[in-house]
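Heads up: the structure comes next, in C-alpha cells.
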Amino acid sequence: MTQTTAPQHTVLNATHRALGAKMVDFGGWDMPIHYGSQLDEHHLVRQSAGMFDVSHMTVIDLHGPRTRELLHLLMANSVDKMKKPGKALYTCMLNERGGIIDDLIIYFIAEDLFRLVSNASTRDKDLAWIESHAQAFDVDVVERADFGLIAVQGPQARERVISLLDPAEHDRIGKLPKFSFTDTRTADGVEVFLARTGYTGEDGFELVLPVQSTVATWNALLEAGVKPAGLGARDTLRLEAGMNLYGQDMDEDVTPYQAALGWTVSLDEGRDFIGREVLERQHADGAGWQMISLVMDDRGVLRHGQKVLTDLGDGEILSGTFAPTLAKGIAFARVPAGEIAMGAAGNVRVDIRGKQIPLRVVKFPFVRDGKAQPGVLA
Numbered sequence: 147m148t149q150t151t152a153p154q155h156t157v158l159n160a161t162h163r164a165l166g167a168k169m170v171d172f173g174g175w176d177m178p179i180h181y182g183s184q185l186d187e188h189h190l191v192r193q194s195a196g197m198f199d200v201s202h203m204t205v206i207d208l209h210g211p212r213t214r215e216l217l218h219l220l221m222a223n224s225v226d227k228m229k230k231p232g233k234a235l236y237t238c239m240l241n242e243r244g245g246i247i248d249d250l251i252i253y254f255i256a257e258d259l260f261r262l263v264s265n266a267s268t269r270d271k272d273l274a275w276i277e278s279h280a281q282a283f284d285v286d287v288v289e290r291a292d293f294g295l296i297a298v299q300g301p302q303a304r305e306r307v308i309s310l311l312d313p314a315e316h317d318r319i320g321k322l323p324k325f326s327f328t329d330t331r332t333a334d335g336v337e338v339f340l341a342r343t344g345y346t347g348e349d350g351f352e353l354v355l356p357v358q359s360t361v362a363t364w365n366a367l368l369e370a371g372v373k374p375a376g377l378g379a380r381d382t383l384r385l386e387a388g389m390n391l392y393g394q395d396m397d398e399d400v401t402p403y404q405a406a407l408g409w410t411v412s413l414d415e416g417r418d419f420i421g422r423e424v425l426e427r428q429h430a431d432g433a434g435w436q437m438i439s440l441v442m443d444d445r446g447v448l449r450h451g452q453k454v455l456t457d458l459g460d461g462e463i464l465s466g467t468f469a470p471t472l473a474k475g476i477a478f479a480r481v482p483a484g485e486i487a488m489g490a491a492g493n494v495r496v497d498i499r500g501k502q503i504p505l506r507v508v509k510f511p512f513v514r515d516g517k518a519q520p521g522v523l524a
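In my numbering, the protein residues as written are 147 to 524.
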C-alpha cells in the first residue's frame, strides 16, 4: 500500500481557512491558491497592496567566521558584491554540472552571519547540500523554523507596512533601499527582520518575524487595509515580472545561462565556485539552449509542455499563463540558442492541438511597476 504524507501547515493555515481561502497542496504544504478571485488578487497587488503567506519557504542562518568563504564556493553570484551588512543578493546554487540546485536570496547580517531564504520544495536537498560543504569551513547551518514570513507587495505596500511600525522607525524604514534589509519593530513591540524584496515585480517588503507573532501581524495588516492574495496570483504576477519558478523554468539539469539568469553569474577572478568550469565554457562557446519570453496575440492560453517551433529548432513552453495586466497569453520557453528576431510574429510558433499559432518574442520582463513594457502590447 502506498503511504501518503499529509501536507504541512504554516502558522497561518487556520487564518486562511477562516478567510474562505481555497487550499491546495503546494510542494507538500497546504497553501491558499486564492480567497475567491485570483484575478482580483492579481490586480490588487498591481494597483494597491496585497499580502502573501510565504512561511513555507526555508530560512537558513549560516554562522561562523568563514561563512563568506563557504558562500564563495556554493554560489554562482558573488557575495563580495555586498560591501556592508544590510544588503541582499539574488543567486543560484549550482551542482558540479552547472545545474541549478536552487535559486535563493542571501542576506548579509554580519561577517560571521548570513541568512538564506530558499524555496519550500527544495528544503531537504538544500540543507543537505549546504551542510555537506559547511563542515570543512566550520560553519554552523541552522534552519529557522521559529520564523513566519509575510510578503506585502504593491504600490501602496510600503506605506501600509510602515504604518504598523514603531513611529520612531517610520522615517528610517521609509528610506530603506531596494534589496536591503534591517531589523525593526512594530508599534506593539514585535521584532521584525524587514527586507525590501519580493516576487511580484512590485515594490514592497518581506517580513520575517517570530512564528508566535505572525497571526497577529497578519491581522494587523488586514486592519490596515492590506488584503490577502494566494499562490495563483503570486504565479501570474511573477511571470509578468519575468521571474523564474524553480522546478518549472529551471532545475538541476538547467544552467543559469539556459534560464536567462546569466546576469546572476559572477565569473570573478580567483573564486572557484561549484559549477564554474561548465559556466565558463558556456559563456565562451554558448549554452546550447536559451530561455525567451513570448506573447500570443491570438486568443488562448499558453501552457507548460506545449511544443514551440522556431527556425533554429523545436523547444517547449515552460511557464505560461493568461496575463491579467496585459489581457494576453504570455510564456517563457526554452528553445535552441541563436538569434531570434524580436517583435515579428511568426518567427516562433506554438503547437496547440495541432494548430500552429504565431507568437512574438519580447524582452524580459513583460510588466514593470504595473505597466506593460515597450513592445509587449505592440
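Backbone N, C-alpha and C fix where the C-beta goes; we use that ideal spot for every residue, glycine too. Just so it is clear, the structure is predicted and the values come from calculations on it, not from any experiment.
Taking the straight line between their C-alpha atoms, what separation do you get for residue i and residue j?
{"i": "residue 190", "j": "residue 406", "result": "28 Å"}
{"i": "residue 415", "j": "residue 242", "result": "19 Å"}
{"i": "residue 512", "j": "residue 281", "result": "43 Å"}
{"i": "residue 431", "j": "residue 403", "result": "11 Å"}
{"i": "residue 506", "j": "residue 440", "result": "5 Å"}
{"i": "residue 230", "j": "residue 481", "result": "39 Å"}
{"i": "residue 236", "j": "residue 462", "result": "26 Å"}
{"i": "residue 232", "j": "residue 375", "result": "28 Å"}
{"i": "residue 316", "j": "residue 428", "result": "47 Å"}
{"i": "residue 469", "j": "residue 381", "result": "10 Å"}
{"i": "residue 418", "j": "residue 393", "result": "26 Å"}
{"i": "residue 326", "j": "residue 339", "result": "11 Å"}
{"i": "residue 301", "j": "residue 288", "result": "34 Å"}
{"i": "residue 475", "j": "residue 323", "result": "33 Å"}
{"i": "residue 276", "j": "residue 344", "result": "24 Å"}
{"i": "residue 320", "j": "residue 199", "result": "23 Å"}
{"i": "residue 363", "j": "residue 372", "result": "11 Å"}
{"i": "residue 167", "j": "residue 356", "result": "23 Å"}
{"i": "residue 162", "j": "residue 410", "result": "35 Å"}
{"i": "residue 311", "j": "residue 504", "result": "50 Å"}
{"i": "residue 451", "j": "residue 258", "result": "44 Å"}
{"i": "residue 388", "j": "residue 332", "result": "33 Å"}
{"i": "residue 256", "j": "residue 493", "result": "50 Å"}
Roughly how far, in whole angstroms, is the beta-carbon of residue i from the beta-carbon of residue j, given that I think they are within contact range, below 8 Å?
{"i": "residue 228", "j": "residue 295", "result": "Actually they do not touch by this definition, with Cβ atoms about 21 Å apart."}
{"i": "residue 438", "j": "residue 491", "result": "With a Cβ gap of about 14 Å, residue 438 and residue 491 do not count as contacting."}
{"i": "residue 244", "j": "residue 425", "result": "5 Å"}
{"i": "residue 386", "j": "residue 330", "result": "Wrong, their Cβ atoms sit about 30 Å apart, outside the cutoff."}
{"i": "residue 254", "j": "residue 298", "result": "Wrong, their Cβ atoms sit about 22 Å apart, outside the cutoff."}
{"i": "residue 348", "j": "residue 303", "result": "7 Å"}
{"i": "residue 359", "j": "residue 336", "result": "4 Å"}
{"i": "residue 251", "j": "residue 263", "result": "5 Å"}
{"i": "residue 306", "j": "residue 370", "result": "5 Å"}
{"i": "residue 486", "j": "residue 456", "result": "6 Å"}
{"i": "residue 120", "j": "residue 206", "result": "Since the first residue of the chain shown is 147 and the last is 524, residue 120 is not available in this structure."}
{"i": "residue 377", "j": "residue 178", "result": "7 Å"}
{"i": "residue 234", "j": "residue 341", "result": "6 Å"}
Where does residue i land, buried or exposed, given buried means 16+ other C-beta within 10 angstroms?
{"i": "residue 383", "result": "buried"}
{"i": "residue 184", "result": "buried"}
{"i": "residue 390", "result": "buried"}
{"i": "residue 249", "result": "buried"}
{"i": "residue 460", "result": "exposed"}
{"i": "residue 313", "result": "exposed"}
{"i": "residue 182", "result": "exposed"}
{"i": "residue 423", "result": "exposed"}
{"i": "residue 395", "result": "buried"}
{"i": "residue 520", "result": "exposed"}
{"i": "residue 318", "result": "exposed"}
Which residues in the same chain as residue i place their Cβ atom closer than 7 Å to its Cβ, once the five residues preceding and following it in sequence are excluded?
{"i": "residue 104", "result": "No answer is possible for residue 104: it lies beyond the span of the chain, which begins at 147 and ends at 524."}
{"i": "residue 153", "result": "171, 174, 175 and 176"}
{"i": "residue 449", "result": "463 and 466"}
{"i": "residue 522", "result": "441, 472, 508 and 512"}
{"i": "residue 279", "result": "216, 219 and 220"}
{"i": "residue 157", "result": "201, 294, 357, 360 and 361"}
{"i": "residue 398", "result": "241, 245, 246 and 247"}
{"i": "residue 483", "result": "432, 433, 434, 435 and 436"}
{"i": "residue 292", "result": "356 and 357"}
{"i": "residue 408", "result": "402"}
Answer yes or no: does any C-beta atom of chain B fall closer than 7 Å to that of residue i?
{"i": "residue 216", "result": "Considering every chain present, this structure includes no chain B. It has just one protein chain."}
Ordered along the chain, which non-local residues of its own chain (more than five positions away) have a Cβ less than 6 Å from that of residue i?
{"i": "residue 488", "result": "507"}
{"i": "residue 516", "result": "192"}
{"i": "residue 412", "result": "223 and 224"}
{"i": "residue 502", "result": "495"}
{"i": "residue 518", "result": "472"}
{"i": "residue 514", "result": "none"}
{"i": "residue 477", "result": "440, 448, 463 and 466"}
Counting only the same chain and skipping the five closest in sequence on each side, list residues whose C-beta sits under 8 Å from that of residue i.
{"i": "residue 147", "result": "Residue placement at residue 147 cannot be trusted, given a pLDDT of 45 that sits under 50; what the coordinates show is reported in the next sentence. There are no such residues."}
{"i": "residue 217", "result": "208, 225, 252 and 260"}
{"i": "residue 151", "result": "174"}
Exercise. Can you give, in chain order, each stretch of the alpha helix (DSSP H) that sits fully within the region 250-321 and has at least 4 residues?
Worked result: Entirely contained in the region 250-321, the alpha helix (DSSP H) runs reaching 4 residues are, in chain order, 269-280, 303-308 and 316-320.
For this session: List in chain order: all unbroken alpha helix (DSSP H) runs of 4+ residues lying wholly within the region 160-236.
Result: Runs of the alpha helix (DSSP H) inside the region 160-236: 184-193 and 213-220.
Exercise. Which runs of the beta strand (DSSP E), 3 residues or longer, sit entirely within the region 391-442?
Worked result: Runs of the beta strand (DSSP E) spanning 3 or more residues and lying entirely within the region 391-442 occur at 435-442, in chain order.
For this session: Enumerate, from N- to C-terminal direction, the unbroken beta strand (DSSP E) stretches of 3 or more residues contained entirely within the region 313-371.
Result: You should have 327-331, 337-341 and 350-356.
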